[in-house]
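*Asks:* Under the working numbering, the first residue of the first sequence is numbered 63, with each subsequent residue one higher.
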Amino acid sequence: MWFRLDLRLSDNRALAAAISSGARVIPVYIHDPHEAGAWSPGAASRWWLHQSLKSLDQQLAENGSKLIILQGDSHDELIELQEKTGATRLFWNRRYDPQGVRRDQRVEAAFKERGVKVETFNSSLLHEPDMVRTADGNPFRVFTPFWNRLLSSLVPEPPLAAVSVPAMPPKAVQSLPLDELKLEPSIDWAHGLRGSWEPGEAGAQKRLAQFVGSGLFSYSTARDRPDLNGISMLSPHLHFGEIGPRQVWHSAKSALDAARKRDARAAANRDGSSTKNIDVEVFLKELGWREFAYHVLFNFPDTCDQPMRKQFSDFAWRQDPPALRAWQRGKTGYPIVDAGMRQLWHMGWMHNRVRMIVGSFLTKDLLLSWNEGAKWFWDTLVDADLASNTLGWQWCAGCGADAAPYFRIFNPVLQGEKFDPDGHYIRRWVPELAALPSKWIHKPWQAPETVLEKAGVKLGFNYPGPIIDHAFARKRALEALHQCTASVPS
DNA sequence: TGAAATGTTGGGGCG
DNA sequence: ACGCCCCAACATTTC
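(1) State the beta-bridge partners of LEU521 as determined by DSSP.
(2) Any idea what DSSP makes of SER552, helix, strand or coil?
(3) What's the gap between the Cα of TRP48 and the Cα of PHE360?
(4) I'd like to know whether the C-beta atoms of PHE153 and ALA79 end up nearer to each other than 8 Å.
(5) Note the first and the last residue of the continuous beta strand (DSSP E) segment covering ARG324.
(6) Candidates GLN477, ILE305, MET412: which alpha carbon is nearest LEU187's?
(7) Quick one: measure Cβ to Cβ for VAL169 and SER136, integer angstroms, because I've assumed they're closer than 8 Å.
(8) Are LEU543 and GLY421 close, meaning C-beta to C-beta below 8 Å?
(9) With three or more C-beta pairs closer than 8 Å as the rule, is the segment 398 to 418 touching the segment 479 to 494?
(10) For GLN133, name the three-state secondary structure that DSSP assigns.
(11) Is there contact here, the segment 227 to 247 with the segment 120 to 133, by at least three beta-carbon pairs under 8 Å?
(12) Straight-line CA distance for ALA197 to LYS315?
(13) Less than 7 Å between the CB of MET63 and some heavy atom of the ligand HEM, yes or no?
(14) Given that a residue counts as buried once 16 or more other Cβ atoms are within 10 Å of its Cβ, and exposed if not, what is VAL550?
(15) Touching or not, the segment 407 to 423 and the segment 455 to 475, by the rule of three or more beta carbon pairs under 8 Å?
(16) Label SER552 either buried or exposed according to how many other C-beta atoms from any shown protein chain fall within 10 Å of its C-beta, with 16 as the threshold for buried.
(17) Would VAL444 pass as a contact of SER117 if the rule is Cβ separation under 8 Å?
(18) Could you tell me whether the segment 512 to 527 touches the segment 370 to 386, using the rule of 3 or more Cβ pairs below 8 Å?
(19) Could you check what DSSP says for LYS516 in three-state terms: helix, strand or coil?
(20) Look at the alpha carbon of ARG371 and the alpha carbon of ALA463, and state the distance between them as a whole number of angstroms.
(21) Taking the alpha helix (DSSP H) that SER451 falls in, what are its first and last residues?
(22) Taking only three categories from DSSP, how would you classify PHE302?
(23) Does DSSP put LYS244 in a helix, in a strand, or in coil?
(24) For the alpha helix (DSSP H) containing VAL342, name the first residue and the last one.
(25) Only counting the same chain, and skipping five residues up and downstream in sequence, which positions put a Cβ closer than 8 Å to that of THR182?
(26) By alpha-carbon positions, which one of GLY265, ASP68, TRP64 ends up nearest to PHE302?
(27) When the Cα of ILE340 is compared with those of ALA533, VAL194, LEU429, LEU278, which residue comes out closest?
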């Protein structure tokens, strides 16, 4: 059983099939740092991967089995392993990113040639990324019709229960010690990650239970509020396959069914206008965006570097290293932007509403390339996922599938006031502004001198003034992007 | 899964 | 009573 981004024992189809084959199962993970080229896992992802592998190995140890860890070219290592063990079959769950697909094809061909049967499964998506097409046979480029089509043609199969993995003889194969993969940082900067997350299947299940139990039925409104805990935070667990989308889907649906039954029993004198089904619908739609991201990346594999809309191919994004650095480090002078970037730096994750705001700020206010944003997120996010990251950044820049139109430019002050009305999110992540009254916390440069002084804020000294004037930046972006998009439609 | 500019409406002040 | 102006509130259009 070749583990990759499916580091769990429950609802793992390849693993379940391997075990039910009745043969002795060798669980193996192969670390190949060069395989994905520029999109090899970033620092935050490697930290997570280390913890997740450790967790999986512990789970396997409880069964008397263990995770065999290897390092090197996947194809070569697997061939060698097969020769050593005489394995007769190879199981894995399919990858759908371009590099993963190519690698899998190569391995599959090699093993077929050697007479070893390869069996592959889908455990990471609700659908095969090339399952649905528009009426004229093309991949979808717009989310809503994609999702409608998927919903009408998809009955997510129920998740599989956890399996117990048969014990392995003690000296079956040599495994590298996990530490030897050097996934963890040599200078320990990961305390913020440790304090925020529990990588591994158990941690994923806890998150899911927590969300379904207390956040699901306020999701449709609370999801936009970075100052609340209204979201599942499952993204890194889903990325590493510590939990699968079928499990999430099923859990949300079951909770809805249960709630409906309760409501029906107690419904005597209520109007029955529960919005629970809306909440669940909106939540499941987010799984849908994940599916859409893979649909797009699978069918347009060069979009991780290249804009999908070709008129953006030679758009003159500015070069401005100091501005880029200010954005990365959360020192733009716009509190909501800085709060987001600092949250990212601290915990390897950012609320999605704030991702849109910082993405708009980078690409439209600063006119820096979305590629820069994608690279930074790739290195700092624990949920860095090639499909979602690519779709998200091209959405922000306006050059991708179902992207924000060029004139949609977020005002960081208004966004802050709308989605963090009491400034709690700012106070948590930008402590130098904590004493400012809510009225000014999203625009400290407009606050009266006396207010700033009382709050201990010295603009330009302990908190930067705005790195750029938004009204000016907006006009500049409109002009540049209008030029770019006007010539050729689509 | 925006924001700003521009247009419209209607109440109230006031000559 | 009437017309005029102001302007807030809301709606529509434009970027």
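Where is the CB? At the ideal position from N, CA and C, for every residue including glycine.
*Replies:* Quick answer:
(1) DSSP, once it has assigned bridges, lists TYR525 as partnering LEU521.
(2) Annotation note: pLDDT 42 at SER552 (below 50); position unreliable, coordinate value reported separately. The answer is coil: DSSP assigns SER552 none of H, G, I, E or B.
(3) With the chain represented from 63 up to 552, any question about residue 48 goes unanswered, as that position is not in the structure.
(4) Against a cut-off of 8 Å, the Cβ pair of ALA79 and PHE153 comes out as a contact.
(5) Careful: ARG324 lies outside any beta strand (DSSP E), inside the alpha helix (DSSP H) at 307 to 327.
(6) It is ILE305 whose Cα lies nearest to the Cα of LEU187.
(7) Going by Cβ atoms, the distance from VAL169 to SER136 rounds to 6 Å, so yes, they are a contact pair.
(8) By the CB criterion at 8 Å, LEU543 and GLY421 fall outside the cutoff.
(9) Yes: the two stretches touch, three or more of their Cβ pairs being nearer than 8 Å.
(10) Here DSSP, grouped into helix, strand and coil, assigns GLN133 to strand.
(11) By the Cβ criterion, the segment 227 to 247 is in contact with the segment 120 to 133, since at least three pairs of Cβ atoms, one from each stretch, lie closer than 8 Å.
(12) Rounded to the nearest angstrom, the two C-alpha atoms are 30 Å apart.
(13) Questions concerning the ligand HEM fall outside what the structure shown contains, since it holds no ligand whatsoever.
(14) Reliability fails at VAL550, whose pLDDT of 49 lies under 50, so the model's placement of it is uncertain and no value is given.
(15) Three or more pairs of CB atoms, one per stretch, sit closer than 8 Å, so the segment 407 to 423 contacts the segment 455 to 475.
(16) No answer about SER552 holds up, because its pLDDT of 42 lies below 50 and its placement is not dependable.
(17) Their beta carbons are not under 8 Å apart, which means VAL444 does not touch SER117 by this criterion.
(18) When C-beta atoms of the segment 512 to 527 are compared with those of the segment 370 to 386, fewer than three pairs fall below 8 Å, so the two segments do not count as touching.
(19) Collapsing the DSSP output to three states places LYS516 in a helix.
(20) Straight-line Cα distance between these residues: approximately 8 Å.
(21) One point to set straight first is that residue 451 is Asn, not Ser, in the sequence displayed. Where ASN451 is concerned, the enclosing alpha helix (DSSP H) stretches over 448 to 459.
(22) In the structure shown, the three-state DSSP call for PHE302 is coil.
(23) Of the three classes helix, strand and coil, the one that applies to LYS244 here is coil, per DSSP.
(24) Residue range 338 to 361 is occupied by the alpha helix (DSSP H) that includes VAL342.
(25) Result list for THR182: ALA76, PHE153, TRP154, ASN155, ARG156, ASP166, GLU170, in chain order.
(26) PHE302 has its Cα closest to that of ASP68, out of GLY265, ASP68, TRP64.
(27) Nearest C-alpha to ILE340: LEU278.
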